[in-house]
Amino acid sequence: MTEQLKAAATSPATSSSVTTGTASRPGDHVIVLFGATGDLAKRKLLPGLFHLATAGLLPQRYRIVGTARSRGLSDAGFKQLAHAAVEEFGSTKPTGETWRAFEDALSFATTDHSDPSALVAAVQAAEKEIGGHPQRLFHLAIPPTGFGSTIEMLAASGLAEGARVIIEKPFGTDLASAKALNDTVHRVFDESRIFRIDHFLGKESVDNILAFRFANGLYEPVWNREHIEYMQIDVPETLTIEGRADFYEGTGAFRDMVVTHLLQVLGFVAMEPPTSLSATALRDEKQKVFDSLLPLDPKHVLRGQYDGYRTEPGVAPDSQTETFVALRANVENWRWAGVPFFLRTGKALRAGRQVVTIGFREPVLRMFSVDGCSTPSARRNEIVIDFADPGWISTRFLAKQPGPEMLLGEAEMTFRYADSSGAANALEAYERLILNAMQGDQSLFTTAAGVERLWEISAPLLEHQPPIEPYLPGSWGPSTVGQVTAPYRWHLPEDC
1 MTEQLKAAAT SPATSSSVTT GTASRPGDHV IVLFGATGDL AKRKLLPGLF
51 HLATAGLLPQ RYRIVGTARS RGLSDAGFKQ LAHAAVEEFG STKPTGETWR
101 AFEDALSFAT TDHSDPSALV AAVQAAEKEI GGHPQRLFHL AIPPTGFGST
151 IEMLAASGLA EGARVIIEKP FGTDLASAKA LNDTVHRVFD ESRIFRIDHF
201 LGKESVDNIL AFRFANGLYE PVWNREHIEY MQIDVPETLT IEGRADFYEG
251 TGAFRDMVVT HLLQVLGFVA MEPPTSLSAT ALRDEKQKVF DSLLPLDPKH
301 VLRGQYDGYR TEPGVAPDSQ TETFVALRAN VENWRWAGVP FFLRTGKALR
351 AGRQVVTIGF REPVLRMFSV DGCSTPSARR NEIVIDFADP GWISTRFLAK
401 QPGPEMLLGE AEMTFRYADS SGAANALEAY ERLILNAMQG DQSLFTTAAG
451 VERLWEISAP LLEHQPPIEP YLPGSWGPST VGQVTAPYRW HLPEDC
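The sequence shown runs contiguously to residue 496 in the UniProt record's numbering.
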């Protein structure tokens, strides 16, 4: 633990954030985890909260109330569940004084929308133990079908008053459902108290896109259509749907990944310089990018489905759900007009990666011979940003090969977060976003207007979906995937 984090762990508690160097400790909190026995809570939320505790970044006084439809689960049972989750998935093992303090802060109440008295009593007991006026934070780690009834229960019980709420994706399945969901939430929570969480935006390496662009005079002057020829945001996955047919059949790759993740990353890559790093300034500039996006043209979209998907339990034998999507998006503003943004994601692909590739325009004069990849499309100047944790940034260029002849070869310079002296202090995406929510910082959370705008530009594709094309598991998608980027090429695979 760094000296700054040690200072945070011993600083006196107040009802507002306590700043300790670069770390800011939230005021007193009661955190209520809906879906506390589910997969997300076990894999990310409970381990993440414990890691925040070990780093001294949870409040001085806090309580965590788990809630789910699981009847008969006691406080002791929830503590055992949390211990097992942290033991299996946590970066810090559940031992020592820190674990005992964390475990003492855990309690459980059954979710019952018709009678929320047990949950109300658990929250009130937690607040009494803390004393004063702690902030309430509700994290809805539940299926979207449960959002409406849960929000209404929080309103009817009085628990929503003055509280903040974290909502998991997807934020609707089209424009109409997104508007309906926003209306439901807005009847109870003001927009300033709503945190629509996208774990992609909590990654250190995604946030570093802002620093890379705006803090370096090398790059910002050329971050425009005069110098950049194309951009790619590529998030292939090796995993199949892994028994999640009940969710995936009604969602598909586009709704699951493109609207909620890839277009959000596009907003960061393409935004204008914000006046500050405040939530308002950042979200305003990202919204301008979304407002400038042209409606998605189905002619520039490829949908695929891996062989064997229809044999998955729960999948319809004639399913038209896509497990792969590649598309071209266009940002029609002064900075990006004419620059294609290529997006790709899918299940059961050859590699699991999270990569932004910025392709620069080639010099007009060709006076050199190039060794290795000799085709014009392979002679590329690129910046590649890998935003998987811990991530890296690489600048790829041509340089002279040693020897008597003027023969060029590809070269690169790479910065890796794993080599950074501060890497040990990094938070995982969920940890960082939960901390931000406790602090009331909405910088890395999506807005109602942004969500609705992305569904609006998606309407032409959802109404006129291209036919499904098959692809082999372990490939890079359907055989026609290269047509989406033509005359350019996909950065992945990284070979000639």
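C-beta: ideal position from N, C-alpha, C; glycine also.
With C-beta atoms as the reference, is residue i less than 9 Å away from residue j?
i: Arg-225; j: Glu-272; result: no
i: Gly-172; j: Gln-135; result: no
i: Phe-445; j: Ile-197; result: yes
i: Pro-170; j: Thr-240; result: no
i: Leu-327; j: Gln-264; result: no
i: Phe-108; j: Gly-158; result: no
i: Asn-436; j: Phe-195; result: yes
i: Thr-184; j: Glu-152; result: yes
i: Tyr-417; j: Pro-390; result: yes
i: Leu-293; j: Leu-343; result: no
i: Pro-298; j: His-464; result: yes
Would you decide whether residue i is buried or exposed? Buried here means 16 or more other CB atoms lie within 10 Å of its CB.
i: Asn-330; result: buried
i: Ser-117; result: exposed
i: Gly-21; result: Because Gly-21 sits at a pLDDT of 36, beneath the cut-off of 50, its placement in the model cannot be relied upon, and the point is left open.
i: Thr-37; result: buried
i: Val-206; result: buried
i: Thr-485; result: buried
i: Thr-67; result: buried
i: Trp-476; result: buried
i: Val-222; result: exposed
i: Ala-211; result: exposed
i: Gly-243; result: exposed
i: His-133; result: exposed
Going by DSSP, what residues sit across from residue i in a beta bridge?
i: Ile-385; result: Val-356 and Ile-393
i: Tyr-62; result: His-29
i: Leu-106; result: Ile-64
i: Ala-399; result: Gly-409
i: Ala-329; result: Phe-341
i: Thr-414; result: Ser-394
i: Gly-303; result: The sequence given here places Arg at residue 303; Gly does not occur at that position. Arg-303 pairs with Val-325 and Ile-468.
i: Thr-446; result: Arg-196
i: Asp-234; result: Arg-344 and Val-355
Look at the alpha carbon of residue i and the alpha carbon of residue j, and state the distance between them as a whole number of angstroms.
i: Arg-193; j: Ala-160; result: 10 Å
i: Ala-245; j: Pro-478; result: 21 Å
i: Gly-482; j: Ala-141; result: 37 Å
i: Leu-49; j: Arg-25; result: 13 Å
i: Ser-443; j: Leu-266; result: 16 Å
i: His-139; j: Pro-363; result: 51 Å
i: Val-65; j: Val-188; result: 21 Å
i: Thr-357; j: Val-30; result: 41 Å
i: Met-413; j: Ala-348; result: 31 Å
Counting only the same chain and skipping the five closest in sequence on each side, list residues whose C-beta sits under 6 Å from that of residue i.
i: Glu-285; result: Met-271, Glu-272 and Pro-274
i: Ala-399; result: Ala-411
i: Phe-89; result: Arg-43 and Pro-47
To which residues of the same chain is residue i closer than 7 Å at the C-beta, ignoring the five residues directly before and after it?
i: Thr-480; result: Leu-302 and Glu-469
i: Pro-144; result: Pro-170
i: Ser-74; result: Phe-108
i: Leu-175; result: Glu-452, Trp-455, Glu-456 and Ala-459
i: Phe-290; result: Gly-267, Gly-450, Arg-453 and Leu-454
i: Leu-462; result: Asp-174
Among the residues of its own chain, which have a CB less than 8 Å from the CB of residue i, if the five just before and after it don't count?
i: Glu-103; result: Lys-79, Ala-82, His-83 and Pro-94
i: Lys-288; result: Met-271, Glu-272 and Asn-333
i: Ala-351; result: Pro-236, Thr-238, Leu-492 and Pro-493
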